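Enquirer: Once you've had a glance at the structure underneath, I'll fire off some questions.
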Ligand code: CAO
């Protein structure tokens, strides 16, 4: 007859630790050694394996519960064949070897208590909590559990580090296909799954509470800041709310990479100053030259003047050149669009830029003036910085971030010469643009800005 037995938390080397994963439910069949729950102390994650095979009748812990040695994890109806083994209070390494030998039937009690893993087994690997490469070991962690998991049957086969990594990304590890030996799930498999989910809009079934672009995220922390000191509440502006929602979506759904390049604008700057002196009614900033250089680069690399369609399977190449300019206003960031920049000269662009940024700051921009952009430029050059990661303005596929030009010594083959270098930070959607193409685009852009004659062609 099958016995109902208690699977208990063994000695875990700490007082109370939270349950961060429950891998079983009532009715599940578990094999001996199959992980029941995962615990996470501040030093390590540990999986608690089943001490015997059987059928889970009742799960007694839930996510977030704090458990200690002796906490009841589950009631398991033990297979008849295993009943004898399960009755053992502690199966030492030696005793485990003896598992194969015939066992005496349990003395009598209908319900027996069995630590999920005996404490006198040799301590094994535990994994620091969080995002750590597989194989890393927390030197100070001293868990008695064997945290190297070999999962039977169809259950996912992954180390605690990889499980922790998947959990961190909100990925249900059961959905990930392992490419390692015997189907073991590797870190790259989890990353590849996330990339695929983002591209296809797939929705994981992980137990988290918010979902963005196929990723389940933890809820935002609720904190009573007043507990720690004086505070003041200030509602976000309407612009901040709208741009915040767009930025969050773009950051979560677009696999961003930012490429950095310096442009030598020494000659350009001399010319800009001359142009400004001749046109005192206009503010001719480096930005208008950047707009012209971007248009030339978009012509040279049409993949940058493109958008993915909704299905994510088709690229729409644009034959027009409308450039969005990020404008900082007291109410937040807006991106008005300068149209047909390929057909306009530097002075016309300077005048339009002045008008449109004034309109933005006076809150007079209409929706039509903020739509239809092909590529955006976010210039912080008037403020400072040496580089940053601008967020791609979807459905565009790239954005140029510009920071402050600075005079630096550059080796000219004979000596160091003072040159004015402009830092360019090109963020791009890696689904559409490869790193090599981005590097070529950035070099082209820098060449255009470095050679004023090319720019004016
Ligand atoms: N390096 C050195 N100096 C620069 C520069 C650069 N890359 N870019 C501009 N400058 C200089 C200008 O020449 C100007 O100097 P003068 O007053 O001596 O002529 C000064 O800095 C101020 O320029 P500006 O910022 O007023 O003008 P702009 O054409 O460069 O930019 C605008 C216009 C609207 C883009 C800008 O005012 C702005 O709002 N930038 C912020 C964009 C932003 O917030 N981006 C972040 C988005 S993510 O949150």
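Numbering (our numbering), first residue to last: 4 to 460.
For each residue, glycine too, the CB sits at the ideal point set by N, CA and C.
Predicted model only: the values in this text are computed from it and were never measured.
Go through its chain and collect everything with a Cβ distance to residue 187's Cβ below 6 Å, but skip five positions before and after it.
Expert: 160 and 181
Enquirer: Within its chain, find whatever has a CB closer than 8 Å to the CB of residue 272; leave out the 5 residues flanking it on each side and keep chain order.
Expert: Sequence-distant Cβ neighbours of residue 272 in its own chain, meaning closer than 8 Å and more than five residues away, are 289, 408 and 423.
Enquirer: Pop quiz: residue 167 and residue 176 are said to be a contact at Cβ under 8 Å. What is the actual Cβ separation, rounded to whole angstroms?
Expert: At roughly 10 Å, the Cβ-Cβ gap does not stay under 8 Å, so residue 167 and residue 176 are not in contact.
Enquirer: Just how far apart, CA to CA, sit residue 52 and residue 255?
Expert: 35 Å
Enquirer: Using DSSP bridges, identify the partner residues of residue 24.
Expert: Residue 24 is bridged to 41.
Enquirer: Use the C-beta contact count for residue 451: other C-beta atoms within 10 angstroms, 16 or more gives buried, fewer gives exposed.
Expert: buried
Enquirer: Look at residue 21 and residue 67 and say whether their C-beta atoms are less than 7 Å apart.
Expert: yes
Enquirer: Do residue 28 and residue 69 have their beta-carbon atoms positioned less than 7 Å apart in this structure?
Expert: no
Enquirer: Can you determine whether any heavy atom of the ligand CAO sits closer than 6 Å to the C-beta of residue 290, and answer yes or no?
Expert: yes
Enquirer: Return yes when the C-beta of residue 353 is under 6 Å from any heavy atom of the ligand CAO, and no when it is not.
Expert: no
Enquirer: Judging by CA-CA distance, which residue of 348, 345, 332 and 377 is the nearest neighbour of residue 359?
Expert: 332
Enquirer: Could you say which of 8, 315 and 228 lies nearest to residue 80 if we only look at CA atoms?
Expert: 8
Enquirer: What I want to know is whether the C-beta of residue 284 ends up closer than 6 Å to one or more non-hydrogen atoms of the ligand CAO.
Expert: no
Enquirer: What span of residues does the alpha helix (DSSP H) with residue 256 cover, start to end?
Expert: 241 to 256
Enquirer: Would the C-beta of residue 331 count as close to the ligand CAO, meaning under 6 Å from any of its heavy atoms?
Expert: yes
Enquirer: Under 8 Å by Cβ, that's how I've got residue 428 and residue 261 pegged, so tell me the actual separation to the nearest angstrom.
Expert: 5 Å
Enquirer: Could you tell me which residues DSSP pairs with residue 78 in its beta bridges?
Expert: 9 and 61
Enquirer: How many Å lie between residue 100 and residue 164 at the Cα?
Expert: At residue 100, the pLDDT of 36 sits below 50, so the modelled position is not reliable; the number obtained from the coordinates is stated separately. Their backbone Cα atoms lie some 28 Å apart in a straight line.
Enquirer: When DSSP labels each residue in this structure, what does residue 440 get in the three-state scheme?
Expert: helix
Enquirer: Report yes if the C-beta distance between residue 56 and residue 82 is below 7 Å; otherwise report no.
Expert: yes
Enquirer: Candidates 73, 395, 38 and 431: which alpha carbon is nearest residue 252's?
Expert: 395
Enquirer: Is residue 382 near the ligand GDP, in the sense that its beta carbon is under 6 Å from a heavy atom of that ligand?
Expert: Within the structure as shown, the ligand GDP is missing, the only ligands being the ligand CAO.
Enquirer: So what does residue 412 bridge to, in DSSP terms?
Expert: 421
Enquirer: Sorry if obvious, but does the Cβ on residue 408 come closer than 6 Å to a heavy atom of the ligand CAO?
Expert: yes
Enquirer: Taking the alpha carbon of residue 37 as the point to measure from, which residue in 43, 25 and 44 has its own alpha carbon closest?
Expert: Closest option to residue 37, Cα to Cα, is 25.
Enquirer: Hey, how far is the Cα of residue 326 from the Cα of residue 303?
Expert: 16 Å
Enquirer: Using DSSP with H/G/I as helix, E/B as strand and the rest coil, what is residue 326?
Expert: strand
Enquirer: Would you tell me roughly how many angstroms separate the C-alpha atoms of residue 298 and residue 232, rounded to the nearest one?
Expert: So the alpha carbons of these two residues sit roughly 51 Å apart.
Enquirer: What is the DSSP secondary structure of residue 342, counted as helix, strand or coil?
Expert: coil
Enquirer: Can you confirm whether the stretch 413 to 422 touches the stretch 436 to 447 when touching is taken to mean that 3 or more C-beta pairs between the two stretches lie within less than 8 Å?
Expert: no
Enquirer: How would you label residue 35, buried or exposed, when you count the other beta carbons within 10 angstroms and need 16 or more for buried?
Expert: By the 16-neighbour rule on beta-carbons within 10 angstroms, residue 35 is buried.
Enquirer: From residue 263 to residue 311, what distance separates their C-alpha atoms?
Expert: 24 Å
Enquirer: Expressed to the nearest angstrom, what Euclidean distance is found between the alpha-carbon atoms of residue 242 and residue 258?
Expert: 25 Å
Enquirer: When you compare each of 384, 335, 320 and 283 to residue 354 by their alpha carbons, which one comes out closest?
Expert: Of the candidates 384, 335, 320 and 283, the residue whose Cα lies closest to the Cα of residue 354 is 283.
Enquirer: Distance check for residue 425 and residue 266, CA to CA, integer angstroms please.
Expert: 5 Å
Enquirer: Reducing DSSP to helix, strand and coil, say where residue 278 ends up.
Expert: helix
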